[in-house]
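Below: one structure, written as structure tokens.
Protein chains in written order, with the numbering used here: chain H, 8 to 163; chain V, 40 to 299.
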């Protein structure tokens with residue numbers, strides 16, 4: 008009797024440890040704890056070039072994460088990339104003339120969208136489109152420009 | 040004379056397909072016997088102890104060391120690029136996606152699968168299984184199904200424990216010994232490891248591996264040639280076949296899950 012009780016306790020501890028490990032993988036290791044959950048509202052922004060931006064890339068204001076990239080589409084009439092951002096509805100007071108830029112975190116890091124609030128009185132609402140956008144810096148273009156400039160200097 | 044090798048080949052082929060078919064019929068019978076276990080949870084609990092709890096120690100120790108090695112190797116590679124802050128991402132992603140499920144399944148086959156095969160095979164060799172049939176006790180219900188369910192439940196739990204212990208092993212080496220920043224280790228990990236894409240897919244993998252590993256183990260035991268040599272061969276086959284099946288399936292699952 009005592010033996011089978013020990014077995015039961017051992018199995019109970021084992022299952023509890025396994026569940027705790029799964030729980031910790033979800034909470035501590037993955038992005039569940041800092042993912043944006045709950046209410047969000049969507050705004051769109053058109054960029055000439057989004058570089059390496061991905062769906063689920065972060066959206067920040069002053070370095071604080073306020074949302075993420077929800078979808079990336081291509082508008083074949085305007086020849087532009089249209090990015091849908093879903094912003095946490097806690098942050099619902101951005102002026103209408105907020106601008107969006109695509110930056111890179113670190114030299115080789117991932118790309119993200121930084122919002123810069125403007126000065127308008129009216130706020131952005133669901134479905135609005137940001138008018139002022141700045142494309143991603145494409146490193147090949149920069150290098151190309153630099154080499155071109157250098158060659159120009161040498162000829163002078 | 041000329042037909043001899045051909046006959047041999049044919050006989051081998053038929054034996055192979057016969058085994059393959061028996062294996063699947065056996066799986067059907069086992070799965071059909073599983074619902075009946077609700078009435079006898081004690082059988083499953085006893086098997087959970089010998090399949091799961093007794094495998095825990097090797098999983099804990101291996102997980103810790105695999106995580107520590109990942110921390111060390113990852114650090115040495117990343118520090119050349121000044122990216123040692125990403126160590127947490129490297130350790131967590133390799134463990135959650137690949138090493139957790141795969142290494143846990145290989146250890147599971149070595150520790151629990153071989154024991155299951157030897158146990159069932161020996162029961163068959165000593166005619167305990169036929170004895171049960173004589174007493175109108177279905178050995179698949181009484182012996183095979185509880186072990187199958189216990190293995191299927193244990194594997195994902197063991198893989199999760201392996202992964203989390205490994206992450207802490209990597210943390211210990213990276214942050215404790217090599218001086219990676221504590222906050223960066225966790226925050227980068229949390230930013231890059233996705234619950235759906237990485238953690239859930241890893242758990243799905245470990246369910247699949249557990250299913251395959253325990254199926255091979257109980258089938259090899261049940262289908263063994265009832266001699267001491269047959270049992271030893273079946274035990275070897277369990278470990279070899281499980282390792283091959285797990286590694287092959289891992290490639291297929293990885294291609295399906297992460298190969299977009």
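Heads up, the beta-carbon is just placed ideally off N, CA and C, and yes, glycines get one too.
Going by C-alpha to C-alpha distance, which of H/52, H/34 and H/19 sits closest to residue 82 of chain H?
H/52
Fully enclosed by the segment 50–82 of chain H, which alpha helix (DSSP H) runs are 4 residues long or longer?
none
Minimum Cβ-Cβ distance from residue 85 of chain V to chain H less than 8 Å
yes
Can you give me the C-alpha to C-alpha distance between residue 148 of chain H and residue 123 of chain H, rounded to a whole angstrom?
25 Å
Classify residue 266 of chain V as buried or exposed, calling it buried when 16 or more other Cβ atoms lie within 10 Å of its own Cβ.
exposed
For the beta strand (DSSP E) containing residue 123 of chain H, list its first residue and its last residue.
118–123
Kindly indicate the opening and closing residues of the beta strand (DSSP E) around residue 153 of chain V.
Residue 153 of chain V -> not in any beta strand (DSSP E); alpha helix (DSSP H) instead, spanning 153–164.
Which bits of chain V does residue 110 of chain H rub up against, with CB to CB less than 8 Å?
Ordered by position in chain V, no residue passes the 8 Å Cβ test against residue 110 of chain H, which lies about 16 Å from the chain.
Cutoff 6 Å; reference residue 65 of chain V; Cβ partners in own chain excluding five residues on either side
258
Could you check what DSSP says for residue 169 of chain V in three-state terms: helix, strand or coil?
helix
Could you pull the DSSP bridge partners for residue 140 of chain H from this structure?
H/107
Between residue 277 of chain V and residue 294 of chain V, is the Cβ-Cβ spacing less than 8 Å?
no
Measuring only between beta-carbons, confirm whether residue 171 of chain V sits less than 8 Å from chain H.
no
So residue 179 of chain V is in the beta strand (DSSP E); what residue range does that whole segment cover?
Per DSSP, residue 179 of chain V belongs to no beta strand (DSSP E) and is neither H nor E.
Please classify residue 291 of chain V as buried or exposed, where buried requires at least 16 neighbouring CB atoms within 10 angstroms.
exposed
Mind checking which residues open and close the alpha helix (DSSP H) that includes residue 124 of chain V?
First-last for residue 124 of chain V: undefined, no H or E at that position.
How many angstroms separate the CA atom of residue 235 of chain V from the CA atom of residue 61 of chain H?
16 Å
According to DSSP, residue 89 of chain H sits in a beta bridge with which residue or residues?
H/53 and H/80
Alpha carbon to alpha carbon, how far is residue 72 of chain H from residue 93 of chain V?
45 Å
Option in V/77, V/210 and V/78 with minimal Cα separation from residue 108 of chain V
V/210
Assign residue 173 of chain V to buried or exposed, taking buried as 16 or more other Cβ atoms, counted over all protein chains shown, within 10 Å of its Cβ.
exposed
Note down, in chain order, each residue of its chain lying with its Cβ closer than 7 Å to the Cβ of residue 150 of chain V, except the 5 sequence neighbours on either side.
94 and 97
Indicate the three-state DSSP secondary structure (helix, strand or coil) for residue 129 of chain H in the structure shown.
coil
Do residue 196 of chain V and residue 25 of chain H have their CB atoms nearer than 8 Å?
yes
Going along chain V, which residues have a C-beta under 8 Å from residue 60 of chain H?
Neighbours of residue 60 of chain H on chain V: none; closest Cβ ~16 Å, over 8 Å.
Given a threshold of 16 other Cβ atoms within 10 Å of its Cβ, counted over all protein chains shown, does residue 57 of chain V qualify as buried or as exposed?
exposed
Comparing C-alpha positions only, which one of H/95, H/131, H/28 and H/76 sits nearest to residue 88 of chain H?
H/76
For the alpha helix (DSSP H) that residue 36 of chain H lies in, which residues bound it at each end?
Premise fails: residue 36 of chain H is in no alpha helix (DSSP H) and is neither H nor E.
From residue 285 of chain V to residue 131 of chain H, what does the alpha carbon distance come to, in whole angstroms?
52 Å
For residue 46 of chain H, the first and last residue of its enclosing alpha helix (DSSP H)
Taken as a continuous stretch (DSSP letters only), residue 46 of chain H belongs to no alpha helix (DSSP H), as it is neither H nor E.
Give me the chain H residues within the contact set of residue 92 of chain V, using Cβ-Cβ distance strictly less than 7 Å, ordered along the chain.
17, 18 and 21
Contact list for the segment 77–108 of chain H against chain V, Cβ threshold 8 Å
none
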